[in-house]
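Participant: Questions regarding the structure given below will be posed in turn.
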Amino acid sequence: MTTLIKGARVLGGDPTDLLLRDGRIAAVGERLSVPGATVVDADGLVALPGLVDLHTHLREPGREDAETVETGSRAAALGGFTAVHAMANTDPVADTAGVVEQVWRLGRQAGLVDVVPVGAVTVGLRGERLAELGAMADSAARVRVFSDDGHCVADPALMRRALEYVKAFDGVVAQHAEEPRLTAGAQMNEGDLSARLGLTGWPAAAEEAVIARDVLLAEHVGARLHVCHVSTAGSVEILRWAKSRGVQVTAEVTPHHLLLTESAAASYDPVFKVNPPLRTDADVQALRAGLADGTIDAVATDHAPHAVEDKESEWAQARPGMLGLEQALSVVLETLVEPGLLDWAGVADRMSVRPAAIGRLDGHGRPLAPGEPANLLLLDPAARAVVDPAALASRSRNSPYAGRELPGRVVATFLRGTATVLDGEAQK
Ligand SMILES: [Zn+2]
-1 MTTLIKGARV LGGDPTDLLL RDGRIAAVGE RLSVPGATVV DADGLVALPG
49 LVDLHTHLRE PGREDAETVE TGSRAAALGG FTAVHAMANT DPVADTAGVV
99 EQVWRLGRQA GLVDVVPVGA VTVGLRGERL AELGAMADSA ARVRVFSDDG
149 HCVADPALMR RALEYVKAFD GVVAQHAEEP RLTAGAQMNE GDLSARLGLT
199 GWPAAAEEAV IARDVLLAEH VGARLHVCHV STAGSVEILR WAKSRGVQVT
249 AEVTPHHLLL TESAAASYDP VFKVNPPLRT DADVQALRAG LADGTIDAVA
299 TDHAPHAVED KESEWAQARP GMLGLEQALS VVLETLVEPG LLDWAGVADR
349 MSVRPAAIGR LDGHGRPLAP GEPANLLLLD PAARAVVDPA ALASRSRNSP
399 YAGRELPGRV VATFLRGTAT VLDGEAQK
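Following our numbering, the numbering of the sequence shown begins with -1 at its first residue and continues without gaps.
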């Protein structure tokens, strides 16, 4: 299969042609011409390496009514992703080689993105004893990222042992940083607004205390730590300090924490309930600055589909979490590119290069150059559209962007040279 992309602006540069052949980029240059090639007109489109998500909830096995590996993969491809890490809080939990291989095989069958299973840190996410980390690393799924996401590995001795254990296979522990004794019954960010609304608060210190503890543990044992969904200005400060000391710590921020604030909670619309909660405008500004200066390494979606009965209820009963895959790039355009905080190379770095490196994924996050795997997307940065949840590929509808106009449209996505999305439509 040979595809000739005409006139794409690689990382926003001058228009050029890209020839995709046998899964790789065969040539990059002006006025390429190849008889028999499928031609894709990319006039005005920006070409970026395929996006890599470190944090996706695909819900299969167990909650196929909310999402499946296939529907989540389709949502990811439409968002410009070529690889997603599937979180371990499924039913059964992905805490054995058997379950991670099942998820990995389902991803291969769907064939829309590379589905990379995350392994649980502890058995059943219960925080009591370590799961079979080595067996998952050695499995066909080659797990390198381990997380109890949804829960914090709260026990410091267990966290230390997990960090020590994953060093053997160059793994990383991705921590959902939440001191559970500080967030019992929490419903939203703790502050003036939570007091006014009469909702139990989730204090910033519950996140920051765990991050501070974990970077010290990672430094002590010389292991890799990754911090999920950083949400406060104080967390950014701790990460900046840790990186200045040479601690092997990386961090991610979600699109919703880059765009939305706690004020959304005043609507009592449970679509805005998420863990960690939406924070203050000052936190949002600090997260944008931290991503722009590289203190925060990556944008990760925390795509969290929920069935209607779990989400459309009273605020206090609703499950936390929101969709993210299909709008992630648009939110980054809105919050960082258009305000001039990040250029296209920066977007490629934070949404592809660095997440691929953190997950130790070969073949993703690579330059768009001859010989490299043909994993890329084409984006129309001038397009604008109002988000319609009914039009999403996800099986769930809990988008916090419903009715909001956002910039950018993913026109095409290529996975090893095969179009998974073309003209904005999923190809299977
Ligand atoms: Zn989490």
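Every residue, glycine too, gets a C-beta built ideally from N, C-alpha and C.
#1: Helix, strand or coil, according to DSSP, for Leu180 in the structure here?
#2: Is it a yes or a no for the stretch 230 to 242 touching the stretch 277 to 296, going by three-plus beta-carbon pairs under 8 angstroms?
#3: Beta carbon of Ala84, beta carbon of Leu56: below 7 angstroms?
#4: What does the shell around ligand 1 hold, if a residue joins when its beta-carbon is under 7 angstroms from any heavy atom?
#5: What residue does the beta strand (DSSP E) around Gly27 start on, and which one ends it?
#6: Alpha carbons only, please: which of Asp51, Val151, Thr0 and Asp20 is nearest the one belonging to Pro253?
#7: Which ranges would you report for the alpha helix (DSSP H) in the stretch 323 to 364 if only whole runs of at least 4 residues count?
#8: When you compare the CB of Thr181 with every CB in chain C, is at least one pair closer than 7 angstroms?
#9: Which ranges would you report for the alpha helix (DSSP H) in the stretch 185 to 259 if only whole runs of at least 4 residues count?
#10: Report, in whole angstroms, the separation of the C-beta atoms of Ala92 and Val121, which I expect to be a contact under 8 angstroms.
#11: State the beta-bridge partners of Lys271 as determined by DSSP.
#12: Using three-state DSSP, classify Gly117 as helix, strand or coil.
#13: For the beta strand (DSSP E) that contains Gly5, what are its first and last residues?
#14: Kindly identify the DSSP beta-bridge partner or partners of Val408.
#15: For Ala290, which residues from the same chain have a beta carbon less than 8 angstroms from its beta carbon, with the 5 sequence-adjacent residues on both sides left out?
#16: Using DSSP with H/G/I as helix, E/B as strand and the rest coil, what is Leu390?
#17: So, helix, strand or coil for Val306, using DSSP?
#18: At what residues does the beta strand (DSSP E) containing Pro47 begin and finish?
#19: Quick check on Asp281: does DSSP put it in helix, strand or coil?
#20: Straight-line CA distance for Glu235 to Met186?
#21: Identify whether Ser161 lies in helix, strand or coil by the three-state DSSP scheme.
#22: Is the beta carbon of Val171 less than 7 angstroms from the beta carbon of Val141?
#23: Decide yes or no for the touch test of the stretch 56 to 65 against the stretch 29 to 39: beta carbon pairs closer than 8 angstroms, at least 3 of them.
#24: Could you give the residue range of the beta strand (DSSP E) that holds Gln173?
#25: Are there 16 or more other CB atoms within 10 angstroms of the CB of Gln325, so buried, or fewer, so exposed?
#26: Taking just the CA atoms, how far does Leu321 sit from Pro398?
#27: Starting from Asp39, follow the beta strand (DSSP E) in both directions and report where the run begins and ends.
#28: Quick check on the burial criterion: 16 or more other C-beta atoms within 10 angstroms. Buried or exposed for Thr198?
#29: Taking the C-alpha atoms as reference points, what is the distance between Glu423 and Ala391?
#30: Closest to Gly183 by CA distance: which of Leu331, Leu413, Thr0 and Arg317 is it?
#31: Between which two residues does the beta strand (DSSP E) carrying Arg19 extend?
#32: Tell whether a beta-carbon distance below 7 angstroms holds between Leu17 and Leu9.
#33: Nearest-angstrom Cα distance between Val384 and Arg158?
Facilitator: In terms of the structure at hand:
#1: In the sequence shown, the residue the question calls residue 180 occupies position 182. Helix at Leu180.
#2: yes
#3: Locating residue 84 in the sequence shown gives position 86, counting from the first residue. Locating residue 56 in the sequence shown gives position 58, counting from the first residue. Against a cut-off of 7 angstroms, the Cβ pair of Leu56 and Ala84 comes out as a contact.
#4: Asp147, Gly148, His174, Cys226, His227, Asn273 and Asp300
#5: By 1-based counting over the sequence shown, the position of residue 27 is 29. From DSSP, the beta strand (DSSP E) with Gly27 extends over Arg22 to Gly27.
#6: Against the sequence shown, residue 253 aligns to sequence position 255. Taking only the C-alpha atoms, the option nearest Pro253 is Asp51.
#7: 326 to 330, 342 to 346 and 352 to 356
#8: Considering every chain present, this structure includes no chain C. It has just one protein chain.
#9: 190 to 195, 202 to 219, 231 to 242 and 253 to 257
#10: The residue given as residue 92 occupies position 94 in the sequence shown. The residue given as residue 121 occupies position 123 in the sequence shown. 11 angstroms between Cβ atoms; not a contact.
#11: Taking the first residue of the sequence shown as 1, we reach residue 271 at position 273. Answer is none; Lys271 lacks a bridge partner.
#12: Residue numbering aside, residue 117 sits at position 119 when the sequence shown is read from its first letter. Here Gly117 sits in strand by DSSP.
#13: One-based indexing of the sequence shown puts residue 5 at position 7. Here the beta strand (DSSP E) through Gly5 covers Thr0 to Val8.
#14: As a position in the sequence shown, residue 408 is number 410, starting the count at 1. Leu377.
#15: Walking along the sequence shown from the start, residue 290 turns up at place 292. So the list reads Leu334, Leu339, Leu340 and Gly344, once near-sequence residues are dropped.
#16: To locate residue 390, count along the sequence shown from 1; it is residue 392. The answer is coil: DSSP assigns Leu390 none of H, G, I, E or B.
#17: In the sequence shown, the residue the question calls residue 306 occupies position 308. DSSP places Val306 in helix when its eight states are reduced to three.
#18: Residue mapping note: residue 47 aligns to position 49 of the sequence shown, counting from 1. First-last of the beta strand (DSSP E) with Pro47: Val44 to Pro47.
#19: Along the sequence shown, read from residue 1 onward, the residue named residue 281 stands at position 283. Helix, per DSSP.
#20: Sequence index remark: in the sequence shown, residue 235 carries index 237 (1-based). Sequence index remark: in the sequence shown, residue 186 carries index 188 (1-based). Answer to the nearest angstrom: the Cα atoms are 22 angstroms apart.
#21: Within the sequence shown, the letter at position 163 stands for residue 161. Sequence inspection shows Leu at residue 161; the Ser mentioned does not correspond to that position. Leu161 falls in the helix class under three-state DSSP.
#22: For the purposes of this step, residue 171 is taken as the residue at position 173 of the sequence shown. For the purposes of this step, residue 141 is taken as the residue at position 143 of the sequence shown. No, these two residues do not count as a Cβ contact at 7 angstroms.
#23: no
#24: Numbered from 1 along the sequence shown, position 175 holds the residue referred to as residue 173. Taken as a continuous stretch (DSSP letters only), the beta strand (DSSP E) holding Gln173 covers Val170 to Gln173.
#25: Here residue 325 refers to the residue found at position 327 of the sequence shown. It counts as buried.
#26: Here the question's residue 398 lines up with position 400 in the sequence shown. Here the question's residue 321 lines up with position 323 in the sequence shown. Looking at the two C-alpha atoms, the distance is approximately 7 angstroms.
#27: Start at 1 with the first residue of the sequence shown, and residue 39 comes out as number 41. Where Asp39 is concerned, the enclosing beta strand (DSSP E) stretches over Thr36 to Asp39.
#28: Position 200 of the sequence shown holds residue 198. It is exposed - the Cβ of Thr198 has fewer than 16 other Cβ atoms within 10 Å.
#29: Here the question's residue 423 lines up with position 425 in the sequence shown. Here the question's residue 391 lines up with position 393 in the sequence shown. Straight-line Cα distance between these residues: approximately 10 angstroms.
#30: One-based indexing of the sequence shown puts residue 183 at position 185. Checked all of Leu331, Leu413, Thr0 and Arg317; the closest Cα to Gly183 is Arg317.
#31: If you number the sequence shown from 1, residue 19 lands on position 21. First-last of the beta strand (DSSP E) with Arg19: Pro13 to Arg19.
#32: Translated into positions along the sequence shown, residue 17 becomes position 19. Translated into positions along the sequence shown, residue 9 becomes position 11. No. Outside cutoff.
#33: Counting from one through the sequence shown, the residue named residue 384 turns up at place 386. Counting from one through the sequence shown, the residue named residue 158 turns up at place 160. Cα to Cα, Val384 sits roughly 46 angstroms from Arg158.
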